Structures are given as C-alpha cells and as structure tokens.
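Data block below; observations after.
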Amino acid sequence: MTESKQRPEAVTNGHKGALIPPSTSCSDDEPNAWSAPGSAAFDFRSDTVTTPTAAMLAATRNCTLQDDVFREDPTTNSLEAYVADMTGKEAGLFVISGTMGNQLSVRTALGGPPHSVLADARSHVYGWEAGGIASLSGALALPITPSNTHHLTLSDILTHAVTSTDTHYCPTRLISLENTLNGTILPLHDCAAISHWARAQTPPIHMHLDGARLWEAVAAGAGSLSAYCACFDSVTMCFSKGLGAPIGSIIVGGTPFIERARHVRKGLGGGLRQAGVVTASARVAVDETFLGDRLAATHRRARMVAEMWEGKGGRLVRPTETNMVWLDLEKEGWSGEMFVERGVREGVRLLGGRIVVHYQVCEEAVGRLGRVMDAVLDKGAEREGVGNGVGNGVGEEARGVMAPEME
Numbered sequence: 001m002t003e004s005k006q007r008p009e010a011v012t013n014g015h016k017g018a019l020i021p022p023s024t025s026c027s028d029d030e031p032n033a034w035s036a037p038g039s040a041a042f043d044f045r046s047d048t049v050t051t052p053t054a055a056m057l058a059a060t061r062n063c064t065l066q067d068d069v070f071r072e073d074p075t076t077n078s079l080e081a082y083v084a085d086m087t088g089k090e091a092g093l094f095v096i097s098g099t100m101g102n103q104l105s106v107r108t109a110l111g112g113p114p115h116s117v118l119a120d121a122r123s124h125v126y127g128w129e130a131g132g133i134a135s136l137s138g139a140l141a142l143p144i145t146p147s148n149t150h151h152l153t154l155s156d157i158l159t160h161a162v163t164s165t166d167t168h169y170c171p172t173r174l175i176s177l178e179n180t181l182n183g184t185i186l187p188l189h190d191c192a193a194i195s196h197w198a199r200a201q202t203p204p205i206h207m208h209l210d211g212a213r214l215w216e217a218v219a220a221g222a223g224s225l226s227a228y229c230a231c232f233d234s235v236t237m238c239f240s241k242g243l244g245a246p247i248g249s250i251i252v253g254g255t256p257f258i259e260r261a262r263h264v265r266k267g268l269g270g271g272l273r274q275a276g277v278v279t280a281s282a283r284v285a286v287d288e289t290f291l292g293d294r295l296a297a298t299h300r301r302a303r304m305v306a307e308m309w310e311g312k313g314g315r316l317v318r319p320t321e322t323n324m325v326w327l328d329l330e331k332e333g334w335s336g337e338m339f340v341e342r343g344v345r346e347g348v349r350l351l352g353g354r355i356v357v358h359y360q361v362c363e364e365a366v367g368r369l370g371r372v373m374d375a376v377l378d379k380g381a382e383r384e385g386v387g388n389g390v391g392n393g394v395g396e397e398a399r400g401v402m403a404p405e406m407e
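FYI, in full-length UniProt numbering the residues of the sequence shown are 1 to 407.
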C-alpha cells in the first residue's frame, strides 16, 4: 500500500507535550490503534516504539488461553519451542522484558539466588547490615572498554578475566557479550574465539549473549542465528525491539538451564497465567518481521539516512552497520536537546544524535529528518529560537520527547 502524504503540521497524539504527525494510514477512519503505525512512522528515538500490527491483533484474538505457570498454554509452548529450534538450542523461556531475560540468565548461570536464609525478623543480619544478604551474595561487574573501540575481542577478555584461585580476587564465572551493541555488529569469529577459551577453563566460564537485537546482526548477513547461539550457553532475544511485538523477550539455552531459569523467574514474579495474549504477537513478529526480511529493508533505509547526513556535510560518530545512525552533533555545535527541539518543529521524534530506524518509519519521516539535518548543518543560520524554549513551548515538549530511557 502506498504511503499517504501527511499534513505538514504536527499534532499532539498520545504523548504528553510531544508534537507528532497524524496517522500514516491512507484512511482517516481507522477501526483501532493496531491498524496503522500511527506516530511510530515518524519516531526515530528507538525501535521499541513500533506499533503492533493488525496481524498481531488477529493472532491474539485466536490465541490459546491456558496457564503458562502450569506449562499448559499451546501458544506459549509453541513459541518457546519454535525459537529454540531456530537458534539450535534445546529449550526456550518467554520473559516480559530483555532486562528480566538478562538478569534471569546471570542469576541462573552463577548458581546463586534463589537462596533460602532463615532469620529472626529482629536479627542483626536481617535488618541492620545494609542489605548485605542481597548485595554481597550477588556478583561483581567488571566493565571492559574494547581496545579496538568497536567490540570486545579475546585479547580484551584475557586482559581482564580473573581465573586465579587467590581468595583476594573475585573469579570470573560469566562473560556477557552484546550483539548488536549501539547498532554495530560483534563478528562471529570473535564470539567463537572467546567462547572456545571460556569453555576450556576450569570450571568452564558461562557464556551469555544479550541478543536483544541479534536479529539485526543476522539480517545484516553477519552469521546465522544458530551459528551465533552455538557460541553461548544462554541467549536472550527481544521480540519488541525491531521486530515490533508489543511486549516480551525469550531466553534460549540447554534444558537444565531453562528449567532453573523458570524457577528463578517464578521467584521474581515473572510467571504468567494466560500468556498467549502476549506470546501470540511475538510469534507474528518473528515470522513477519524477521523471516519476512523487513529488517534488511530497515538497514537499507538507515544507510540512506547516513548517506543523507554525510552528503550534506555531516560526520558520523559510528559506522552504520544495521539500523542505527549516529550523528556527530557536537562537531556542528548542537546539543541533543536542540536537535530534539528542531525535530519537534518538523514533526519527528528524536533522541539526541542517535537515529534509530525501524520497519515502520515512512519515507516522509526521512524527508522531515532531512530538513532537521539542513538546520543543523546550516552553521547557525536556522537556529533562531532553538535551545531556548522559544516557539510556543517547543522546548518543554522536546524535553517530554527526550524523557524515555534510551534502549
């Protein structure tokens, strides 16, 4: 279906104080919010802003409504088995968010909580030691800056991993990598090298992948899902980032690992009853967005945005490898808030110099973004009223647009 032309003015639509364009549908008479991308078509803040589709709504209407805590829901069981098979793993576990998936994986792998500690409610160890049972029985994080400034390599891991048995040190028991990270790809051969070393240690070091956007790396041709996942003992993948489902992620791994993760999930309040109402949309997202090659088209549009910026004289902070374009605003003397304000005036939502392209972004939105770029690269000629709140409250509205956490 041909994208409809939008009215040039922006309107308030579903976000307090944010100016955004009207629905992207050809029809002004939409039956419900699932029928068209709406404001998502003009939103470059993140790929989490996609609007669930009519196909997802149809799948939800036809899903099963059994209890997932009892493992009786066919829609959910099918999704977990389906993605596990795609990734070459034995089992999968649906979770509400990528954060839950990562934290469940870390806790499951470390063999730590859930622990049972019985204590008098009045005791010192329970109430007077600054929560030490929780904080000191957890894990120490060792952040590493990649020496190549792009991605972690085995050399980085060898420099920082703790394999000593000296009781003064906290031994490395888990390596967590991320792919993609800031839109850039972790090469498969580096994953394999790190994995080979980690699994050769005594005891083996658990390999975890935050693969919230692993779909993007695969769509870019960096490797298959199964090839990447073979390097890791646990992998989390997001259904809402990029793929467009309204909610949810999945953990995949070996059966014993997933069984323990299911136990920990329950302890964290993550057990769902009629889970089919959310897992049905996730299945549609995998089939239509990932297997339907929509991500590859998104990458082409992201490269077009990057080329547009560079063609106008701008500089990129990072290479455009998947769906993220990083503009060097500082070089042009623009702050992130100024950039967001200009976007509000043109009817697009932005979040600093990180431009995230998703499959619902429309051609007209790219044109509006180009006008924002023109203002930035005009060396100040178009800055009047930008950055000082002038313009009928645009500055306040821009701050509302910037409020969400960057995902």
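Just so you know, even glycine gets a beta-carbon here, dropped at the ideal spot from N, CA and C.
From a predicted model like this one, the values you see are computed outputs, not experimental measurements.
Item: Specify whether the stretch 44-57 and the stretch 249-262 touch according to this definition: at least 3 beta carbon pairs, one from each stretch, less than 8 angstroms apart.; Value: no
Item: Am I right that G271 and V69 are in contact with their C-beta atoms under 8 angstroms? What's the rounded C-beta distance?; Value: 4 angstroms
Item: Where are the beta strand (DSSP E) runs, 3 residues long or more, that stay fully inside the stretch 182-226, in chain order?; Value: 206-210
Item: Tell me the rounded alpha-carbon separation between T50 and A36.; Value: 10 angstroms
Item: Helix, strand or coil for R349 per DSSP?; Value: strand
Item: Excluding the 5 residues flanking Q274 on each side, which residues of the same chain have their C-beta closer than 8 angstroms to its C-beta?; Value: L65, Q66, D67, D68 and D73
Item: Based on DSSP bridge pairs, tell me the residues matched to T60.; Value: In the DSSP output, where bridge partners are listed per residue, T60 has none listed.
Item: In three-state DSSP terms, what is W309?; Value: helix
Item: Specify whether the stretch 199-210 and the stretch 342-351 touch according to this definition: at least 3 beta carbon pairs, one from each stretch, less than 8 angstroms apart.; Value: no
Item: Relative to the alpha-carbon of G311, which residue among D374, S39, G242 and R61 has its alpha-carbon at the smallest distance?; Value: D374
Item: Is the beta carbon of T320 sitting closer than 9 angstroms to the one on R303?; Value: yes
Item: Along the alpha helix (DSSP H) that carries F257, what are the first and last residues, could you check?; Value: T255 to G267
Item: Excluding the 5 residues flanking T306 on each side, which residues of the same chain have their C-beta closer than 8 angstroms to its C-beta?; Value: A small fix is needed here, since residue 306 is Ala in this sequence, not Thr. Contacts found: L316, T320 and V325.
Item: Apart from the five residues on each side of it in sequence, which residues of its chain come closer than 6 angstroms, Cβ to Cβ, to A192?; Value: C231
Item: What is the rounded straight-line gap between the Cα of I251 and the Cα of G101?; Value: 6 angstroms
Item: The alpha helix (DSSP H) spanning L104 covers which residue range?; Value: G98 to L110
Item: Comparing alpha-carbon positions, which option in T76, T172, G292 and H189 lies nearest I144?; Value: T172
Item: Taking only the alpha-carbon atoms, compute the straight-line gap between G221 and A227 and give it to the nearest angstrom.; Value: 12 angstroms
Item: Suppose contacts are defined by Cβ-Cβ distances below 9 angstroms. Is V366 in contact with R300 by that definition?; Value: no
Item: Using CA atoms only, rank isn't needed, just tell me which of V162, L225, P203 and E332 is closest to T180.; Value: L225
Item: Just to confirm, is the Cβ distance from F44 to V376 under 9 angstroms?; Value: no
Item: Just the Cα atoms here: how many angstroms apart are L351 and G336?; Value: 7 angstroms
Item: Roughly how many angstroms lie between the CA atoms of A198 and V277, to the nearest whole one?; Value: 39 angstroms
Item: For L272, report the span of its alpha helix (DSSP H) as first-last.; Value: No alpha helix (DSSP H) holds L272; DSSP gives it neither H nor E.
Item: By DSSP's criteria, V325 is part of a beta bridge. Which residues make up the other side?; Value: I355
Item: Should residue 408 be labelled buried (16 or more other beta-carbon atoms within 10 Å of its own) or exposed?; Value: Only positions 1 to 407 of the chain appear in the structure, and residue 408 is not among them; the question remains open.
Item: Let me know the secondary structure DSSP gives E178 once reduced to three states.; Value: strand
Item: Assuming A109 contacts S234 under a Cβ cut-off of 8 angstroms, what Cβ separation, rounded to an integer in Å, is found between them?; Value: 6 angstroms
Item: For a quick check, are the C-beta atoms of A33 and Q360 less than 9 angstroms apart?; Value: no
Item: Return helix, strand or coil for C229, following the three-state DSSP convention.; Value: helix
Item: Can you name, in chain order, every residue of its own chain whose Cβ lies under 6 angstroms from the Cβ of G313, other than the five neighbours on each side?; Value: L377
Item: May I ask you to report which of helix, strand or coil DSSP gives S281?; Value: helix
Item: Taking DSSP's pairing of strands, which residues face M237 in a bridge?; Value: I250
Item: So is the beta-carbon of S147 under 8 angstroms away from any non-hydrogen atom of the ligand NAD?; Value: The model depicted lacks the ligand NAD and carries no ligand whatsoever.
Item: Report buried or exposed for S147, applying the criterion of at least 16 other Cβ atoms within 10 angstroms of its Cβ.; Value: exposed
Item: Taking A91 as part of the alpha helix (DSSP H), name the residues at either end of that continuous run.; Value: Segment A91 to V95 is the beta strand (DSSP E) holding A91; no alpha helix (DSSP H) there.
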